[in-house]
């Protein structure tokens with residue numbers, strides 16, 4: 009029993025997903041409240057600049073990869089993740105997904121870089137990039153599966169090829185599924201009509 | 684005989700300042716726990732000799748971790764509304780705390796809340812975890828530089 013508490017404390021201190029200072033991050037959209045009420049499980053991760061800076065301190069930057077990830081995290085303005093799991097299918101509609109998409113795209117110049125639709129299963133994935141003065145300054149991922157809806161919003165200078173570095177952070181497991189090469193297909197949206205392989209979700213939130 | 688008297692005296696001389704220092708940074712921890720006790724009609728067990736545990740944690744981590752508070756509630760049978768619990772904790776923790784992670788199940792059996800608060804070069808961390816019939820509440824203050832240094836030493840030692 010007490011061991012569980014100790015494991016919790018040490019695990020948390022070591023992983024130190026920590027971070028926050030909500031500035032720049034959006035407030036939850038009204039649709040999210042409705043989705044949360046219908047979902048059986050909800051995971052919310054909100055990491056602001058302060059908290060990301062704190063998390064970066066746990067990376068000693070001794071190897072190249074870790075140093076690159078540390079720099080990337082330090083430069084970000086915030087990370088916003090929402091994951092809704094439902095008991096059964098049909099708990100959200102295409103209209104809900106569209107509302108989420110338009111809510112997060114508001115107030116910025118977003119370009120769609122991946123658009124995937126599976127007509128058989130109704131699954132869809134959208135990846136959009138925010139451009140500021142021609143430079144990438146944010147990524148938005150909306151992944152809809154019959155029983156699961158995931159939103160990931162990363163604000164700050166970040167490139168597609170950096171995403172896999174962030175997939176170890178709490179709630180960002182979905183980023184590991186994205187193919188960085190898809191960036192080279194920018195603006196070549198594709199509508200797929202094929203069954204997708206099951207995605208490896210996770211990301212060790214806490 | 685004199686020696687026997689000296690041992691408890693030294694122990695208290697060490698333990699009292701540790702407890703006093705730890706209490707100084709507790710923020711709203713006690714308020715959160717007592718509000719949970721009142722709201723859900725449960726009783727929280729405090730970990731015995733936490734002052735000493737704090738002292739050891741602080742020394743062994745090179746001041747990486749301090750101000751640790753732990754409360755454990757067993758036989759937690761009440762129905763929990765995740766939104767209500769979240770509001771209660773946020774309100775009782777007080778200003779400056781920001782919620783970083785929240786995981787909630789509609790049926791109420793599983794709730795996790797992690798709040799953080801910048802404290803200069805340190806970071807206050809508050810964790811509440813309800814899993815089935817047990818709720819654990821932990822608060823501590825972490826210095827990432829010192830803690831990371833310590834973790835690095837152990838990693839280095841492990842590699843050797």
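Residue numbers (the numbering used here), protein chains in the order written: chain A, 9 to 214; chain B, 684 to 843. All C-beta atoms in this analysis are idealised placements derived from N, C-alpha and C, irrespective of residue type, glycine included.
Buried versus exposed call for residue i [16 or more other C-beta atoms within 10 Å across all chains shown]
| i | result |
| --- | --- |
| residue 726/B | exposed |
| residue 143/A | exposed |
| residue 785/B | buried |
| residue 715/B | buried |
| residue 711/B | buried |
| residue 47/A | buried |
| residue 816/B | exposed |
| residue 739/B | exposed |
| residue 141/A | exposed |
| residue 800/B | buried |
Proximal residues of chain A, C-beta to C-beta of residue i below 7 Å
| i | result |
| --- | --- |
| residue 789/B | 47, 48 |
| residue 767/B | The contacting residues do not exist; residue 767/B stays about 13 Å from chain A at best. |
| residue 824/B | Result: empty, since nearest Cβ-Cβ is about 11 Å, beyond 7 Å. |
Beta-carbon contacts of residue i that lie in its chain and below 6 Å, excluding the five residues immediately before and after
| i | result |
| --- | --- |
| residue 117/A | 139 |
| residue 44/A | 50 |
| residue 91/A | 51, 158 |
| residue 107/A | 39 |
Per-residue contacts from residue i into chain A (C-beta, under 8 Å)
| i | result |
| --- | --- |
| residue 828/B | 65 |
Inter-residue spacing [alpha-carbon to alpha-carbon] between residue i and residue j
| i | j | result |
| --- | --- | --- |
| residue 128/A | residue 772/B | 43 Å |
| residue 679/B | residue 102/A | For residue 679/B there is no data in the structure shown, the boundaries of chain B being 684 and 843. |
| residue 743/B | residue 729/B | 22 Å |
| residue 758/B | residue 721/B | 15 Å |
| residue 36/A | residue 724/B | 32 Å |
| residue 137/A | residue 110/A | 14 Å |
| residue 793/B | residue 34/A | 26 Å |
| residue 85/A | residue 113/A | 17 Å |
| residue 820/B | residue 761/B | 16 Å |
| residue 2/A | residue 65/A | In this structure chain A extends from 9 to 214, so residue 2/A is not present and cannot be described. |
| residue 733/B | residue 120/A | 53 Å |
Heavy atom of the ligand NAD within 7 Å of residue i beta-carbon
| i | result |
| --- | --- |
| residue 712/B | The ligand NAD is absent from the structure shown, which contains no ligand whatsoever. |
Proximal chain B residues relative to residue i, where beta-carbon distance stays under 7 Å
| i | result |
| --- | --- |
| residue 58/A | 801 |
| residue 55/A | 783 |
Contact list for residue i against chain B, beta-carbon separation under 9 Å
| i | result |
| --- | --- |
| residue 42/A | Neighbours of residue 42/A on chain B: none; closest Cβ ~13 Å, over 9 Å. |
Chain A residues whose Cβ lies nearer than 9 Å to that of residue i
| i | result |
| --- | --- |
| residue 743/B | Result: empty, since nearest Cβ-Cβ is about 11 Å, beyond 9 Å. |
Cβ-based neighbour list, residue i, same chain, cut-off 7 Å, excluding 5 preceding and 5 following
| i | result |
| --- | --- |
| residue 97/A | 154, 155 |
8 Å Cβ cut-off: residues of chain B touching residue i
| i | result |
| --- | --- |
| residue 62/A | 799, 801, 806, 827 |
Cutoff 8 Å; reference residue i; Cβ partners in own chain excluding five residues on either side
| i | result |
| --- | --- |
| residue 105/A | 132, 150, 152, 157 |
Segment contact flag, the region 73-84 of chain A with the region 150-164 of chain A, C-beta cutoff 8 Å, min 3 pairs: Contact holds between the region 73-84 of chain A and the region 150-164 of chain A, because three or more Cβ pairs, one in each stretch, are under 8 Å apart.
So, do the region 785-804 of chain B and the region 738-749 of chain B have three or more beta carbon pairs nearer to each other than 8 Å? no
Is there contact here, the region 790-810 of chain B with the region 818-825 of chain B, by at least three beta-carbon pairs under 8 Å? Contact between the region 790-810 of chain B and the region 818-825 of chain B is present, because at least three Cβ pairs lie under 8 Å.
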